Every structure is written in structure tokens, then in C-alpha cells.
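Following the numbering used here, the numbering of the sequence shown begins with 2 at its first residue and continues without gaps.
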Amino acid sequence: MTPDTGMTSDMGADFDNETVARALAATIDEVYNRTGKNSILVTHSQGGGPGWTAAQYTDHIAAIVAIEPGGAPAADSADYKAVTQKNIPVTFYFGDYIDNGDPSIQATGMWQAMRETCYDFAEAYTEQEGNCTVIDLPAEGITGNDHFMFQDLNNDVIADHIENWIQNNVK
């Protein structure tokens, strides 16, 4: 669910990253106010953008699990600085079909480039002693996952993998 901003992006979709990020941060703060617990933010695809930006507006993100995000913040960005200054553990998940996609399909190269930004983020963050991993599911022996891995037949395996990461990395 996203707030209705009344705006139309250059892609023809109503989406304002800043507005969504602020609404997300307010929701995270409300969860904290009600429970006293920080939130584990699970993002997916385009929803990854507001997740990074939300870290600028709340101190209550316990971790970020980014499932095939549309990229990661550059090391010189405000989003990156917010995540690193707050020492938020981050993990990225990628399924099949990125390395073996048809190169004549534009999306193949696009996803390879977006995944590369996640590797760049992870490298920069771990150099600063941050906790960040990139999970390439096929390299872990988990195959059969597309962009919507939470809907795939082995979604329970993915959920277990994410839960294990949370157990081992979130305080």
C-alpha cells in the first residue's frame, strides 16, 4: 500500500519515494511505540527504495531484508549514510534467472546491474565493519526462484533461510 500522492512519475505510475519512505518510517515508529520493539523491514523490488530512505527518518529499524531490490544506495548517498550510521544489518536475496537470462531481453542486463549495486553496497558496508550479505540462492543450492520468490513452490525454504539470517544477525 502506498500513499496517494496525486503525482505521476515519468514511468506513468503514482509513486513518490520520499512520501512512501516517510509513511513507512511513521509506521515503524508506531510499531515501536506500541510494542517497544524495533522492526525488521522486508522490502521487495521497487519497494526497496523507500526502505533505504526510511532509515533517514526512524531509529527503529532492526534489520533490512531486501528481496531482489531495484538496486542499493550508493556509498555517497544519504540513504547509505543513514543505514551505516545506525549500523542496521542488511541482507539481499536474489533468485535464479539473473545470470542465465536471455541477454537479448533488456531486463536481464538491468537486473544484473541492479544486483551489482547490491554487491557494491555490501563491499562498502563490510569495509566499514557493517553487517551485510548478498545471498545468491542458486549458489546456496536453492533453485527455482523467480522475482516473486515468496510465491514460489519452495517459499518455505526461502522463509527458513531468511529466518535463520535474522536469528543470526539481529539483536
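Virtual Cβ for every residue (Gly too), placed ideally from N, Cα, C.
As the structure is a prediction and not an experimental result, all values here were calculated from the model.
Short Cβ contact (9 Å threshold) for residue 97 with residue 30:
no
Whose C-beta lies closer than 6 Å to the C-beta of residue 42 among residues of the same chain, with five residues either side of it excluded?
52, 62, 65
Just curious, the beta strand (DSSP E) that residue 153 is in, first and last residue?
Element bounds for residue 153: n/a, residue is neither H nor E.
Give the DSSP-derived three-state secondary structure of residue 2 in the structure shown.
The predicted position of residue 2 is uncertain, since its pLDDT is 44 and thus under 50; no value can be drawn from it.
Rank 144, 166, 167 by C-alpha distance to the C-alpha of residue 156 and give the top, closest one.
144
Indicate the three-state DSSP secondary structure (helix, strand or coil) for residue 93 in the structure shown.
strand
Which runs of the beta strand (DSSP E) fall wholly inside the region 19-91 and span at least 3 residues, in chain order?
40-45, 62-68
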